[in-house]
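Respectively, the protein sequence lines represent chains A and B. The numbering of the first sequence is our numbering, which starts it at 23 and goes up by one. The numbering of the second sequence is our numbering, which starts it at 3 and goes up by one. Where is the CB? At the ideal position from N, CA and C, for every residue including glycine. Since the structure comes first, as structure tokens, the remarks are kept for the end.
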Amino acid sequence: MSFLLIAEQVLNGLQFGVMLFLMAAGLTLIFGVMGLINLAHGSLYMVGAFAAAAVAGATGSFLLALIAALAAAALAGAIVEMVVIRRLYAAPHLDQVLATFALILIFSEGTRFVFGSFPLFLDIPDALSGPVTLPGGIEYPLYRLSLIGAGLAVAAGLWFLTARTRIGIQIRAGENDREMIAALGVDISKLYTLVFALGAGLAGLAGALVGAIQSVQVGMGEPVLILAFVVIVIGGIGSIKGAFIGALLVGLTDTLGGVFLPELFKLFMAPDTATQTGSALASMAIYILMSLVLIWRPSGLFGVRL
Amino acid sequence: MKKLLLATASAALMASAAMAEVKVGMITTLSGGGAGLGIDVRDGFMLAIEQSGRDDIEVVIEDDQRKPDIAVQLADKMIQSEKVDVLTGIIWSNLAMAVVPASVAQGKFYLSPNAGPSALAGKGCHENYFNVAWQNDNLHEAAGAYANTAGYKNSFILAPNYPAGKDALTGYKRFFGGDLAGEVYTKLGQTDYAAEIAQIRASGADSVFFFLPGGMGISFLKQYADSGVDLPVVGPAFSFDQGILQAVGDAALGVVNTSQWNKDIDNPTNAAFVESFSAKYGRLPSLYASQGFDTANLLISAVDKADVSDADAFRAALEAAEFDSTRGAFKFGPNHHPVQTIYAREVIKEGEVYTNKILGPALEDHADAYAGACKM
Chain A
23 MSFLLIAEQV LNGLQFGVML FLMAAGLTLI FGVMGLINLA HGSLYMVGAF
73 AAAAVAGATG SFLLALIAAL AAAALAGAIV EMVVIRRLYA APHLDQVLAT
123 FALILIFSEG TRFVFGSFPL FLDIPDALSG PVTLPGGIEY PLYRLSLIGA
173 GLAVAAGLWF LTARTRIGIQ IRAGENDREM IAALGVDISK LYTLVFALGA
223 GLAGLAGALV GAIQSVQVGM GEPVLILAFV VIVIGGIGSI KGAFIGALLV
273 GLTDTLGGVF LPELFKLFMA PDTATQTGSA LASMAIYILM SLVLIWRPSG
323 LFGVRL
Chain B
3 MKKLLLATAS AALMASAAMA EVKVGMITTL SGGGAGLGID VRDGFMLAIE
53 QSGRDDIEVV IEDDQRKPDI AVQLADKMIQ SEKVDVLTGI IWSNLAMAVV
103 PASVAQGKFY LSPNAGPSAL AGKGCHENYF NVAWQNDNLH EAAGAYANTA
153 GYKNSFILAP NYPAGKDALT GYKRFFGGDL AGEVYTKLGQ TDYAAEIAQI
203 RASGADSVFF FLPGGMGISF LKQYADSGVD LPVVGPAFSF DQGILQAVGD
253 AALGVVNTSQ WNKDIDNPTN AAFVESFSAK YGRLPSLYAS QGFDTANLLI
303 SAVDKADVSD ADAFRAALEA AEFDSTRGAF KFGPNHHPVQ TIYAREVIKE
353 GEVYTNKILG PALEDHADAY AGACKM
């Protein structure tokens, strides 16, 4: 177990964490501001990836593909909010879950209808491909390093938006007391559409960024969605800061647990059983982390409301 | 003249009415993850039925959505209300395990175009169950055999943590003679392999074997190509199949994979199959399409010889397997699984299309490891 391996795995965990943050930020904003459980958030991630793959295929430009992903997912989010979600704010959570689950099916089969059943091709741009050597001799893919940078930049941008701008003040006010800010003359339905589109756009961006190193296919969003829910529960529902810390915790736990737990078990078990026990335990690691956080802080690390 | 034509036509009609109709129930995955496989099996199967020009074989097709409970419901419906004689189509081993034993126990025939779990090849074999594709371990065993001939001494092997993943690594190890630099089980459905690739880098291996079907394999190959690790990779055909290769792109070029079929296997049936499939569906056929096509032709050969209501005669006709396979000569072993040559093939680019070419046989006339345990 060398230093190089550990350093590379920490970078992997960070990269996974910041991408989870892009998903979790939208989810937590939407839940915090509108009180809505949006299961279809993973579908918006998929929409972003497909839009990016289609545009990259047609134009060959990765930058245009990213813009298309952001725009397509934000647009899809805005339309969904105006057509479906708007009717659900007053409804109980179970109705919201049911309706947004229906949206998952509609998005998945709709995407299959347009793009077919076979995975699409989206590759990383030439300028960012291949490994680079970091100080200390760590060889690491440049694209993953760029993902960490992009994720941190978006996190900083979101912090600036919520903490320093007028719209951010409205969003935070909306989280605390939505009747009151409506009474103060803020157009609440426009604000909701905007927040939903923002969250959707971030999910779409994550889908496109990650789609370039993974596979662009129908149903790609759902596994990430589950992790994003774990992240916002750990971080505290409605908190962007919580989503950031939670995403990094989940990313690091998942990555490092998957590698080091089997190694740990090998110290006192046969390699075969150690691998299997370690892998099994590693896939539970983030849920164990979530339980521990919830025992310690029932409303999450930075949650305010119960 | 007109009268004569009419008479011939009605005579033909009467003849076909007198012939026993065979009703086939196809349960396969047409929506959700992995639908590409089911669609290819269906298209290959229906192409063979269409080319035979027969009207005495009726096929009912249903989508199992890759869910065992739905597959079971569909099988019950097909057996009880549709009264099918033969079932086929299932892609996934867990669905096959839910459907096949109950169906064959009710006297139906089951022809598997894909799933070949070990449980149905050994002790759990059945006289009415035929697998036209393979026993699940076959391609992995061939990959192990290829690794020996390629001179690899120290492999890093990985597969998802589920029954087929464990079978895959067992199959590879059964034939690979070298050491293992590492053996890793990943999460099923995992899409990020950065952690595993870092382990491969640190392991000192001289080769990598992986079994990661579907999107998992696409993710792994793209990330592996970008990581700067340049050890040779071997794997079963699943991640290098025609449907998936275009999504992997350059990352797959040059990778050696094992398969019992490829589009350049040189026989007239295969050439005609590749040409007619491409013409009809506008894409190159995959492994799965060839399996669907062979399954249908096996069925047609049996219908020609025997009436399906005479189960013993129909079974004997299936066992004889006298049809022209896309793989060339085709024969069943004692447990009704194919005894066949498995090839090593290499991913190449033909114009703009990624595809495979055969390097040579990895295992010849290979039977599965479970046949001995089968008592029919």
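Where residue i meets chain B, residues with beta-carbon distance less than 7 Å
i                      : result
residue 65 of chain A  : Chain B residues near residue 65 of chain A: none, gap ~14 Å exceeds 7 Å.
residue 165 of chain A : 228
residue 142 of chain A : 249
residue 151 of chain A : 228
residue 34 of chain A  : 196, 197 and 200
Closer than 9 Å at the beta carbon, the chain B residues around residue i
i                      : result
residue 157 of chain A : In chain order: nothing, as chain B lies at least about 17 Å away.
residue 277 of chain A : 194, 196 and 197
Contact belief for residue i with residue j at Cβ below 8 Å, rounded distance in angstroms
i                      : j                      : result
residue 288 of chain B : residue 244 of chain B : 4 Å
residue 153 of chain A : residue 33 of chain B  : In fact, because the Cβ distance is near 39 Å, the residues do not count as touching under 8 Å.
residue 279 of chain B : residue 49 of chain B  : 6 Å
residue 49 of chain A  : residue 34 of chain A  : Actually they are not in contact, since the Cβ atoms of residue 49 of chain A and residue 34 of chain A sit about 23 Å apart, beyond 8 Å.
residue 139 of chain A : residue 150 of chain A : The pair is not a contact, with the Cβ atoms about 29 Å apart (cut-off 8 Å).
residue 321 of chain A : residue 258 of chain A : 6 Å
residue 255 of chain B : residue 351 of chain B : 6 Å
residue 60 of chain B  : residue 76 of chain B  : No, residue 60 of chain B and residue 76 of chain B are not in contact; Cβ-Cβ is about 16 Å, not under 8 Å.
residue 364 of chain B : residue 144 of chain B : 4 Å
residue 93 of chain B  : residue 101 of chain B : No, residue 93 of chain B and residue 101 of chain B are not in contact; Cβ-Cβ is about 12 Å, not under 8 Å.
residue 225 of chain A : residue 67 of chain A  : 4 Å
residue 183 of chain B : residue 207 of chain B : 3 Å
Contact list for residue i against chain A, beta-carbon separation under 9 Å
i                      : result
residue 280 of chain B : Result: empty, since nearest Cβ-Cβ is about 15 Å, beyond 9 Å.
residue 175 of chain B : Residues of chain A passing the Cβ test: none, with the nearest at roughly 11 Å.
residue 246 of chain B : 140, 141 and 237
residue 29 of chain B  : Correct list: empty, because the minimum Cβ distance to chain A is about 17 Å.
residue 204 of chain B : 23, 24, 26, 27 and 30
Continuous beta strand (DSSP E) stretch holding residue i: start and end
i                      : result
residue 26 of chain A  : Where residue 26 of chain A is concerned, there is no enclosing beta strand (DSSP E), although the alpha helix (DSSP H) it sits in stretches over 25-56.
residue 182 of chain B : 181-188
residue 30 of chain B  : 24-30
residue 86 of chain A  : Element bounds for residue 86 of chain A: not the beta strand (DSSP E) but the alpha helix (DSSP H), 84-105.
residue 88 of chain B  : 88-90
Where residue i meets chain A, residues with beta-carbon distance less than 8 Å
i                      : result
residue 201 of chain B : 27 and 281
residue 299 of chain B : What residue 299 of chain B touches in chain A: nothing, since even the nearest Cβ is about 25 Å away.
residue 163 of chain B : 298, 301, 302 and 305
Residue i: first and last residue of the uninterrupted alpha helix (DSSP H) it sits in
i                      : result
residue 319 of chain A : Segment: none, residue 319 of chain A is in no alpha helix (DSSP H) and carries neither H nor E.
residue 36 of chain B  : Segment: none, residue 36 of chain B is in no alpha helix (DSSP H) and carries neither H nor E.
residue 126 of chain A : 115-137
residue 177 of chain B : 165-177
residue 65 of chain A  : 63-81
Residues that residue i contacts on chain B, provided the C-beta gap is smaller than 8 Å
i                      : result
residue 245 of chain A : 191 and 193
residue 38 of chain A  : 194 and 196
residue 131 of chain A : 33
Contacts of residue i in chain A (Cβ-Cβ under 7 Å)
i                      : result
residue 93 of chain B  : Here the premise fails: no neighbours, minimum Cβ distance about 12 Å.
residue 157 of chain B : Going along chain A, no residue has its Cβ under 7 Å from residue 157 of chain B, so there is no contact; the nearest lies around 15 Å.
residue 41 of chain B  : 139
residue 38 of chain B  : 139 and 140
residue 371 of chain B : In chain order: nothing, as chain A lies at least about 19 Å away.
Please give the ranges of any alpha helix (DSSP H) in the region 156-218 of chain A, keeping only runs that are unbroken, at least 4 residues long and fully inside the region. Within the region 156-218 of chain A, the complete alpha helix (DSSP H) runs of at least 4 residues are 164-186, 188-198 and 200-205.
Interface residues of the region 177-189 of chain B facing chain A [CB-CB below 8 Å]: Correct list: 185, 186, 187, 188 and 189.
Completely contained beta strand (DSSP E) runs for the region 284-362 of chain B, where each covers 3 or more residues: As far as the region 284-362 of chain B is concerned, its whole beta strand (DSSP E) runs of at least 3 residues are 340-352.
Note down, one range per segment and in chain order, each beta strand (DSSP E) of at least 3 residues found wholly within the region 95-155 of chain B. DSSP runs (the beta strand (DSSP E)) wholly in the region 95-155 of chain B: 111-114 and 131-133.
Unbroken stretches of the beta strand (DSSP E), 3 residues or longer, contained in the region 48-85 of chain B: Complete beta strand (DSSP E) runs here, min 3: 59-65.
Ignoring anything shorter than 4 residues or poking outside the region 205-277 of chain B, list the alpha helix (DSSP H) runs there in chain order. Runs of the alpha helix (DSSP H) inside the region 205-277 of chain B: 217-228 and 244-250.
Using a Cβ-Cβ cutoff of 7 Å, what residues of the region 173-202 of chain A are near chain B? List them in chain order. Within the region 173-202 of chain A, no residue qualifies.
Uninterrupted alpha helix (DSSP H) stretches inside the region 215-281 of chain A (no shorter than 4 residues): Look at the region 215-281 of chain A and you find these whole runs of alpha helix (DSSP H), each 4 residues long or longer: 243-257.
Could you name the residues of the region 248-275 of chain A whose beta carbon sits closer than 8 Å to any beta carbon of chain B, in the order they occur along the chain? Those residues of the region 248-275 of chain A that come within reach of chain B (Cβ to Cβ, closer than 8 Å) do not exist; the list is empty.
Report the residues of the region 287-301 of chain A with a CB closer than 7 Å to any CB of chain B, ordered along the chain. Hits within the stretch, in order: 297, 298 and 301.
Closer than 7 Å between beta carbons: that is the criterion. Which residues of the region 218-242 of chain B meet it against chain A? For the region 218-242 of chain B, residues whose beta-carbon sits nearer than 7 Å to a beta-carbon of chain A comprise 220, 221, 224, 225, 228, 229 and 230.
Under 9 Å (Cβ pairs) to chain A, residues found in the region 325-359 of chain B: Result list empty, no residue passes.
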